[in-house]
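Take a look at the structure below.
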């Protein structure tokens, strides 16, 4: 009951989704859309679990006064405040100019953009550490990266050669390797999906 | 208000950038604000944009049809199934009956597995094979012939590299080696491509600080 | 005399003027013939297709057919409405309707419709005869997807064959993968240092197969950490993933016979916004200083932020993703990287269960079939045998 019926559900719904791909009939199309819709609704309920987990972990830190508990308090306060200004005004909270959207615009967006921009520094530090051309593979990776990076930079007489090389790399070996990669991933996903449908892959279900 | 918001945005930007020096209380403060605000934002927007229209409005519409028109046949009642599965998900919080949450989980995983089994077979395998069926020899055009040959060799050797049930030895190992070289070229190209876009993000932030906030760049 | 001369001159001028100002009448184009209406194949039952024989005046040098208008009515004598237009030279039109009754474009199935085609030349046109009645209905099988069905059957045969062989005890060899071989060493390092292990499932949801593949690896690693009494921390991006991850880790502890030391709060939710999640995990890495970090699943732009921070924190890092754009960053910033398909193979490597090894073998056979198709395809394309290319054409 605790595991048999869920596995039957996995197999049943899974095989339906597989079979409906080949059947153009309207009834199957509608059923497919319902299943996708229900998945979204279940995900919405699950978000309550996520919020509960976040709250519990941070409150626990505050209660135990672990080092840095003040930051946990700030995180909870921020979350609670957003929930209040998001729910009290109703759907109007999503309109531009509301407190909810102002917080999003002046706090979330700048921090997100800044974190994204940190990648510029990390790219440089990662490249310095890894691309010291100690192996053939690192050398190939480094050379390919340099040619592509320099394709938009004016290099005088070398520009034309670099452009040609960059174009060649992108259209020929790059495309070839990507195809092999995608075919491999496709086989991997197909195999994993089949294992799930046949009940061979069941770790996500846990044990009793 | 806008000036105040601008100052807050700028100070938070500097707070996050201080992480480049080392982890510090200012960064930790910005991080905790970020996590709290983002969790709240995500929950609220998901509720109003997904949960409310899909579940509440549809069920309310079905109830309204029943009360005013006396008609029970309404497709929208099917959203109750989703609601029930959603509530079963929440039963995770009750230890004794937490196993009930496996049902909605099975529903999601099963539907995904069935769908992706087919779509990846079509997009990643069939379509890629079709795109790679190219003539090795094109009469009168040596350049394209060489390019096509390189593509063919690249795909072939790349696939050989991903073989798991044979050791990379001898001719097989040689082909696998060529395969990983092709993959490294691709990874290098991806890296080079992304570096430029990351730099432009940094330029954007510098422009915000020195231009929009301090007004030093016109 | 002068008056007569004037009239003789004026009348031709008047006649010429009227001749120039009234437009020259173009000939009415001949109508199209042999109108045939039939149910559109491979659809959901709300589309009817119409073909016709082109008007003789289409491309016949007179250039007076510019387009064809398709009209539809519910009876041969009924009111015909315009359903669409195609340019001259074309003789096929799909009258696609909606399946929603409230939609004004609703086309019910199993209801007869009649069609007429107008050959249009600027403002003049001629109409064809009314077509045969035709009704739309949904098909039970989409013939355009036959290549995919063939792929499903071939792959399933491989998988079931090798699973059966594996269950019968046949030994299946798999070559070593450095990233997998390092797992035991990485967990051992964490145990020696008394530091936790960090496992990041990525930014995928439970609807991503890469995340589900990562659950299998998480289960194995949770079992090893339980045996070593090492803490495992699993910060999650998605609530459903968190629920599944908690089950997975608990199962690992149960298999190791250590359910008592399982702590649910170690598998927790952070947030579902990309960079906020990264900020949280980075903070965790710098505070807890895990000895080993695993990044296995779906990653996007945040991959380098995570990997570099882990590197700063001094952790051994094992990564794996099927997102090709993130692999170079993982290669640069982590110690071991599972590339693409290797992520999906990892569960078989860690568990070494016969059934999982069997599906790995099936994947390899799948690759072999692909290689054979590519070789045959290259030869066929070189010799212009189009039929081979059509074997892989999927119509959606």
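Residue numbers (the working numbering), protein chains in the order written: chain A, 110 to 317; chain B, -4 to 213; chain C, 4 to 399. Beta carbons: idealized from backbone N, C-alpha and C, even for Gly. Since the model is a prediction, treat every value here as computed from it, not as a measurement.
Put simply, the backbone Cα of residue 203 of chain B is about 40 Å away from that of residue 177 of chain B.
Within the same chain, no residue comes within 6 Å of residue 80 of chain C by CB-CB distance, once the 5 residues on both sides are set aside. Residues of the segment 141 to 173 of chain C with a C-beta less than 8 Å from any C-beta of chain A: 141, 142, 143, 144, 145, 148, 151, 152, 155, 158, 159, 162 and 166, listed in chain order. Within the segment 55 to 92 of chain C, the complete beta strand (DSSP E) segments of 3 residues or longer fall at 70 to 76 and 84 to 90, listed in chain order. Annotated three-state conformation of residue 244 of chain A is coil, per DSSP. When C-beta distances to chain B are compared with 9 Å, the residues of the segment 174 to 199 of chain A below that value are 177, 179, 180, 181, 182, 183, 184, 185, 186, 187, 188, 189, 190, 191, 192, 193, 194, 195, 196 and 199, in chain order.
Residue 101 of chain B counts as buried, since no fewer than 16 other beta carbons sit within 10 angstroms of its beta carbon. Ranked by how close their Cα comes to the Cα of residue 158 of chain C, the residues B:172, B:137, B:115 and B:142 have B:115 in first place. Within the segment 108 to 152 of chain C, the runs of beta strand (DSSP E) at least 3 residues long that lie entirely inside it are, in chain order, 117 to 124 and 127 to 130. According to DSSP, residue pairing for residue 98 of chain C in a beta bridge involves C:51.
By the Cβ neighbour-count rule, residue 187 of chain A is buried, with 16 or more other Cβ atoms within 10 Å of its own.
Here the alpha carbons of residue 219 of chain A and residue 177 of chain C stand approximately 48 Å from one another. Rounded to the nearest angstrom, the gap between the Cα atoms of residue 198 of chain A and residue 268 of chain C is 33 Å.
Using a Cβ-Cβ distance cut-off of 8 Å, the segment 56 to 72 of chain B and the segment 234 to 252 of chain A are not in contact, since fewer than three pairs of beta carbons, one from each stretch, lie closer than that value. The beta-bridge partner set that DSSP reports for residue 104 of chain C is empty.
Counting only residues of its own chain and dropping the five nearest sequence neighbours on each side, residue 89 of chain C has a CB closer than 8 Å to the CB of 70, 71, 73, 95 and 96. By the Cβ neighbour-count rule, residue 300 of chain C is buried, with 16 or more other Cβ atoms within 10 Å of its own. Contact between residue 209 of chain A and residue 89 of chain B fails: their C-beta atoms lie close to 32 Å from each other, not under 8 Å. Remark: C-beta atoms of residue 131 of chain B and residue 147 of chain B approach each other more closely than 8 Å.
The beta-carbon distance between residue 192 of chain A and residue 81 of chain B, rounded to whole angstroms, is 19 Å. This is too long to meet the 8 Å contact definition. In the same chain as residue 78 of chain B, and ignoring 5 residues on each side of it, the C-beta atoms closer than 8 Å to its own belong to 50 and 54, in chain order. The residue from A:115, A:146, A:175 and A:133 with its alpha-carbon nearest to that of residue 71 of chain B is A:146. In this structure, B:98 is the residue among B:-1, B:188, B:43 and B:98 with its C-alpha nearest to the C-alpha of residue 113 of chain A.
The Cβ-Cβ distance between residue 131 of chain C and residue 55 of chain C falls below 8 Å. Assignment of residue 309 of chain A by DSSP, reduced to helix, strand and coil, places it in the coil class.
Contact with chain C is absent for residue 180 of chain B, since none of that chain's Cβ atoms lies less than 8 Å from the residue's Cβ.
Annotation: the segment 317 to 357 of chain C contains the following complete segments of the alpha helix (DSSP H) (minimum length 4 residues), in chain order: 330 to 336 and 344 to 354. According to DSSP, residue 296 of chain C shares a beta bridge with C:201 and C:320. Counting the other Cβ atoms within 10 Å of the Cβ of residue 320 of chain C gives 16 or more, which makes it buried. The residues 350 and 351, in chain order, have a CB closer than 7 Å to that of residue 359 of chain C in the same chain once the five nearest residues on each side in sequence are set aside. Judged by their CB atoms, residue 326 of chain C and residue 303 of chain C are nearer to each other than the 8 Å cut-off.
Classified as exposed, residue 146 of chain C has fewer than 16 neighbouring CB atoms from the shown chains inside 10 Å of its CB. Contact note: residue 283 of chain A reaches chain B through 180, 181 and 184, using a C-beta cutoff of 7 Å and chain order. Contact annotation: residue 312 of chain C and residue 346 of chain C have beta-carbon atoms that are not nearer than 8 Å. Sequence-ordered contacts of the segment 190 to 217 of chain C with chain B read 209, 210, 212 and 215 [C-beta pairs closer than 7 Å].
When beta bridges are read from the DSSP output, residue 239 of chain C appears opposite C:272.
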